[in-house]
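A.B. asks:
There are 2 protein chains.
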Amino acid sequence: MTQKGLLIVISGPSGCGKGTICKELRRQHPEIKVSVSATTREIRSGETDGKDYFFISKEEFERHIEEGEFLEYARIYSGNYYGTPKKYVRDTLLSGNDLILEIDIQGALQVKEKFEEGVFIFLVPPSMEELHRRLVQRGRETPELIMERFKAAYEEMNFINRYNYVVTNDKVDEAIRKIEAIIAAEKCRVIRNDALLNEILNGGV
Amino acid sequence: MTQKGLLIVISGPSGCGKGTICKELRRQHPEIKVSVSATTREIRSGETDGKDYFFISKEEFERHIEEGEFLEYARIYSGNYYGTPKKYVRDTLLSGNDLILEIDIQGALQVKEKFEEGVFIFLVPPSMEELHRRLVQRGRETPELIMERFKAAYEEMNFINRYNYVVTNDKVDEAIRKIEAIIAAEKCRVIRNDALLNEILNGGV
Numbered sequence: 082m083t084q085k086g087l088l089i090v091i092s093g094p095s096g097c098g099k100g101t102i103c104k105e106l107r108r109q110h111p112e113i114k115v116s117v118s119a120t121t122r123e124i125r126s127g128e129t130d131g132k133d134y135f136f137i138s139k140e141e142f143e144r145h146i147e148e149g150e151f152l153e154y155a156r157i158y159s160g161n162y163y164g165t166p167k168k169y170v171r172d173t174l175l176s177g178n179d180l181i182l183e184i185d186i187q188g189a190l191q192v193k194e195k196f197e198e199g200v201f202i203f204l205v206p207p208s209m210e211e212l213h214r215r216l217v218q219r220g221r222e223t224p225e226l227i228m229e230r231f232k233a234a235y236e237e238m239n240f241i242n243r244y245n246y247v248v249t250n251d252k253v254d255e256a257i258r259k260i261e262a263i264i265a266a267e268k269c270r271v272i273r274n275d276a277l278l279n280e281i282l283n284g285g286v
Numbered sequence: 082m083t084q085k086g087l088l089i090v091i092s093g094p095s096g097c098g099k100g101t102i103c104k105e106l107r108r109q110h111p112e113i114k115v116s117v118s119a120t121t122r123e124i125r126s127g128e129t130d131g132k133d134y135f136f137i138s139k140e141e142f143e144r145h146i147e148e149g150e151f152l153e154y155a156r157i158y159s160g161n162y163y164g165t166p167k168k169y170v171r172d173t174l175l176s177g178n179d180l181i182l183e184i185d186i187q188g189a190l191q192v193k194e195k196f197e198e199g200v201f202i203f204l205v206p207p208s209m210e211e212l213h214r215r216l217v218q219r220g221r222e223t224p225e226l227i228m229e230r231f232k233a234a235y236e237e238m239n240f241i242n243r244y245n246y247v248v249t250n251d252k253v254d255e256a257i258r259k260i261e262a263i264i265a266a267e268k269c270r271v272i273r274n275d276a277l278l279n280e281i282l283n284g285g286v
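The listed protein sequences derive, respectively, from chains A and B. Each residue of the first sequence is one higher than the last, beginning at 82 in this note's numbering. Each residue of the second sequence is one higher than the last, beginning at 82 in this note's numbering.
(1) Do you know offhand how far B:Phe231's Cα is from A:Met238's?
(2) Compute the Euclidean distance between the alpha carbons of B:Ala189 and A:Phe196, then round it to the nearest angstrom.
(3) If you measure beta-carbon to beta-carbon, which residues of the segment 227 to 250 of chain B are closer than 9 Å to chain A?
(4) Under the assumption that B:Val200 contacts B:Ile263 (Cβ atoms under 8 Å), give the Cβ distance between them as a whole number of angstroms.
(5) I'd like to check one pair, A:Val117 with A:Arg107: are the Cβ atoms closer than 8 Å?
(6) Within the same chain, show all residues whose beta-carbon is closer than 7 Å to that of A:Val247, passing over the 5 residues directly before and after it, in chain order.
(7) In the segment 155 to 186 of chain B, which residues sit with their C-beta less than 7 Å from some C-beta in chain A, listed in chain order?
(8) Over what stretch of residues does the beta strand (DSSP E) that includes B:Phe201 continue unbroken?
(9) Using CA coordinates, which residue listed in A:Pro207, A:Gly93 and A:Glu255 is at the minimum distance from A:Glu183?
(10) In angstroms, rounded to a whole number, what distance separates the CA positions of B:Glu150 and A:Ala119?
(11) Is there at least one non-hydrogen atom of the ligand NAP closer than 7 Å to the beta-carbon of A:Glu148?
(12) Hey, which unbroken runs of the alpha helix (DSSP H) at 4 residues or more fall wholly within the segment 120 to 177 of chain B?
(13) If you run the structure through DSSP and keep just helix, strand and coil, what is B:Arg219?
(14) Closer than 8 Å by beta-carbon distance: list the chain B residues that pair up with A:Cys103, in chain order.
(15) Do A:Arg215 and A:Gly96 count as a contact pair if the criterion is CB distance below 8 Å?
(16) Along the segment 84 to 101 of chain B, where does the CB come closer than 7 Å to a CB of chain A? Name the residues.
(17) Could you confirm whether any beta carbon from chain E is found closer than 8 Å to the beta carbon of B:Ala119?
(18) Hey, out of B:Gln109, B:Gln187 and B:Leu88, whose CA is closest to B:Asp254's CA?
(19) Reducing DSSP to helix, strand and coil, say where A:Leu277 ends up.
(20) Beta strand (DSSP E) containing A:Glu183: first to last residue?
(21) Count the other C-beta atoms from every protein chain shown that fall within 10 angstroms of the C-beta of B:Tyr158, then say buried if there are 16 or more, exposed otherwise.
(22) Given a cut-off of 8 Å on the beta-carbon distance, is the pair A:Phe135 and A:Pro166 in contact?
(23) State the DSSP-derived secondary structure class of A:Lys232, mapped to helix, strand or coil.
(24) Do B:Gly160 and B:Tyr153 have their beta-carbon atoms positioned less than 8 Å apart in this structure?
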């Protein structure tokens with residue numbers, strides 16, 4: 082019998098290095114699927130519908146919201162929606178594949194309400210000083226926005242208690258080894274192995 | 082800050098291979114401590130007090146029972162007592178060392194009542210047929226006793242739901258890899274990392 086796949090939610094404050102960790106995890110583990118989000122923004126050159134995103138209209142997105150078809154969604158400052166379709170997640174897990182969802186804290190908390198059997202991993206920087214350095218180094222934002230994100234990160238750290246696991250992102254490879262161990266251990270949880278007992282007993286003499 | 086060690090309880094029905102797995106785990110991981118039991122039986126030649134067992138008198142054992150100083154204990158058919166001293170376990174874990182406790186199901190359930198933060202691993206055979214073969218092969222018991230143990234093992238399998246993890250003992254090395262993953266993952270549990278958040282926040286800019 083195929084065991085259901087795991088939904089592995091990788092989350093944490095801005096600057097914790099979610100993107101780097103998920104990219105490396107995918108590189109080392111091509112067998113793990115990555116969640117594809119739905120969005121209302123325009124498709125860009127080089128993007129493929131159903132691979133990079135599911136590109137849908139605002140009307141369709143709002144209908145899906147009403148019908149409860151998102152595990153989580155958000156409307157960003159541009160007015161565009163982004164969301165994680167329940168059906169995609171469910172189908173992937175039922176086929177026995179594990180699925181990574183890289184997501185900010187607000188999104189992860191929404192997912193947790195609807196899908197408690199997910200594995201919720203909180204990535205933390207080795208120190209707030211290091212997190213600040215990373216926010217500056219990535220050079221995406223103005224100094225004001227960096228300061229805003231940095232302050233937000235302090236607040237966000239308090240959500241750690243809503244997660245199952247905490248992994249310090251100091252050395253990328255060490256963090257990956259820990260996430261691998263978490264995935265392997267979760268597959269051994271008694272609550273994820275309902276069918277095993279019957280299999281053993283029915284194979285008896 | 083040193084993280085507290087883990088109490089790793091390895092348990093399962095007779096014939097599941099607890100002994101083999103724990104021996105191999107100790108061989109590959111000499112850093113993991115092994116719980117030393119107290120007993121009232123006579124010391125045998127070649128045994129060392131405090132290493133093989135804590136050899137104590139019946140009176141002392143019964144006083145410790147009254148004072149609640151055992152995580153679990155049992156009196157076997159010979160009339161001798163065997164038990165796991167709380168103090169030894171507590172001291173080992175506080176010093177940051179992990180500790181393996183290889184124990185039958187009745188003992189594991191007693192430990193769980195007193196020490197819920199332990200990591201409870203249920204070892205299962207790949208099939209009941211295989212378990213029967215192992216009971217016969219070890220050649221320790223009469224055919225009647227083997228049949229009794231085999232029947233008991235069927236009943237004992239139902240206690241799986243009281244455990245956190247289930248590991249199939251088919252190939253020893255695969256089982257060891259799974260137990261290693263469980264240990265590494267448990268060290269990442271948010272509930273075991275109270276101090277981490279403070280460390281990160283207090284190291285901030």
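All C-beta atoms, glycine included, are put in the ideal place defined by N, C-alpha and C.
C.D. replies: Quick look at the numbers:
(1) 51 Å
(2) 31 Å
(3) Phe231, Tyr235, Met238, Asn239, Ile241, Asn242, Arg243, Tyr244, Asn245, Tyr246, Val247, Val248 and Thr249
(4) 6 Å
(5) no
(6) Phe203, Val205 and Ile241
(7) none
(8) Val200 to Val205
(9) A:Gly93
(10) 58 Å
(11) In terms of ligand content, the structure shown is empty, and the ligand NAP therefore cannot be addressed.
(12) 139 to 147 and 167 to 175
(13) coil
(14) Those within 8 Å of A:Cys103 in chain B number zero; the least Cβ separation is about 17 Å.
(15) yes
(16) none
(17) Judged by its chain identifiers, the structure shown contains no chain E, and its protein chains are A and B.
(18) B:Gln109
(19) helix
(20) Leu180 to Glu183
(21) exposed
(22) yes
(23) helix
(24) Just to set this straight, residue 153 of chain B is Glu in the shown sequence, not Tyr. Not closer than 8 Å, so no.
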